[in-house]
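A quick write-up on the structure given underneath.
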Amino acid sequence: IALFQGQEIPVSELLQHADLAMYQAKSRGRNTLCFFDASMQAAANARSALETDMRAGLQRDEFLLHYQPQVDDQGTIIGAEALVRWRHPQLGFISPARFIPIFEQNGFIYQLDKYVWEKTCQILRTDMDKGRPVLPISVNVSRIDLYSPNIVKVFEDLIEKYKLPPHLLELELTESAYVENPQQIIEITKELQSKGFPILMDDFGSG
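Following this note's numbering from start to finish, the sequence shown increments by one per residue and tops out at 192.
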């Protein structure tokens, strides 16, 4: 709902306000309604700004990878997880909680994930070439990624390009991906496993 209270405002803008309120109502669940307020417009503007900057940010290497160690119950490091952060030139560090949901909705997450996979393979290859101890690194594979018809080939090409054994690149899927379209996801994960890629499940027990 957007209220028209006598102020000078174009009908197109009023409809846009109602549209923003509709999306806010949808995010709260079914059988509800929501009134437009200025904070919704501010959030929409912030989202639009991030969407405008995302492709340039990828080209300018503004997305950084941090590798979080994974340890066993003895405290021994057994691997790492690749985590992406956005160092925006004007806004500073942007939390993934802020930009990942936007990228998942607009489909850009696939481009960002491919960037992360490539950078991770690069660092694994560099460590191997320098004779450093190499442990597996897990990377996130989103639900959107799994709908790409050539997803298996993307990973095969990366392994071939950087001459890596596939077990060093662990593919981490959220449990919710299986819940949405289980048969398709299971077929893809089985194919990836047959190529030697370990499959991990994130958020286990939440879906």
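Idealized CB from N, CA, C, for every residue including glycine.
These figures come from a predicted structure and were not determined experimentally.
(1) Where do the N-terminal and C-terminal ends of the beta strand (DSSP E) with Ile184 fall, by residue?
(2) For Glu103, which residues from the same chain have a beta carbon less than 8 angstroms from its beta carbon, with the 5 sequence-adjacent residues on both sides left out?
(3) Between the alpha carbons of Lys99 and Ile(-6), how many angstroms are there, rounded?
(4) Give a yes or no on whether the C-beta atoms belonging to Phe21 and Ala10 are separated by under 8 angstroms.
(5) Within 10 Å of its beta-carbon, does Glu176 have 16 or more other beta-carbons around it, so buried, or fewer, so exposed?
(6) Let me check one thing: in DSSP terms, what residues is His51 bridge-paired to?
(7) So Arg110 and Tyr147 are supposed to be a Cβ contact under 8 angstroms. How far apart are they, rounded?
(8) Assuming Ala67 contacts Val126 (C-beta within less than 8 angstroms), just tell me the rounded distance between them.
(9) Distance, Cα to Cα, Gly64 vs Gln53?
(10) Buried or exposed: where does Phe140 fall if 16 or more other Cβ atoms within 10 Å of its Cβ makes it buried?
(11) For Gln(-10), which residues of its own chain have a beta-carbon under 7 angstroms away from its beta-carbon, when the five flanking residues on both sides are left out?
(12) I'd like to check one pair, Trp71 with Thr92: are the Cβ atoms closer than 8 angstroms?
(13) Taking Cβ to Cβ, would you say Asn69 is nearer than 8 angstroms to Val101?
So, from the listed chains and residues:
(1) 184 to 187
(2) Leu143
(3) 43 angstroms
(4) no
(5) exposed
(6) Leu68
(7) 4 angstroms
(8) Not confirmed; about 11 angstroms, so no contact.
(9) 9 angstroms
(10) buried
(11) none
(12) Reading the sequence as shown, one finds Gly at residue 92 and not Thr. No, they are not a contact pair.
(13) It should be pointed out that residue 69 corresponds to Val in this sequence rather than to Asn. Contact flag set, yes.
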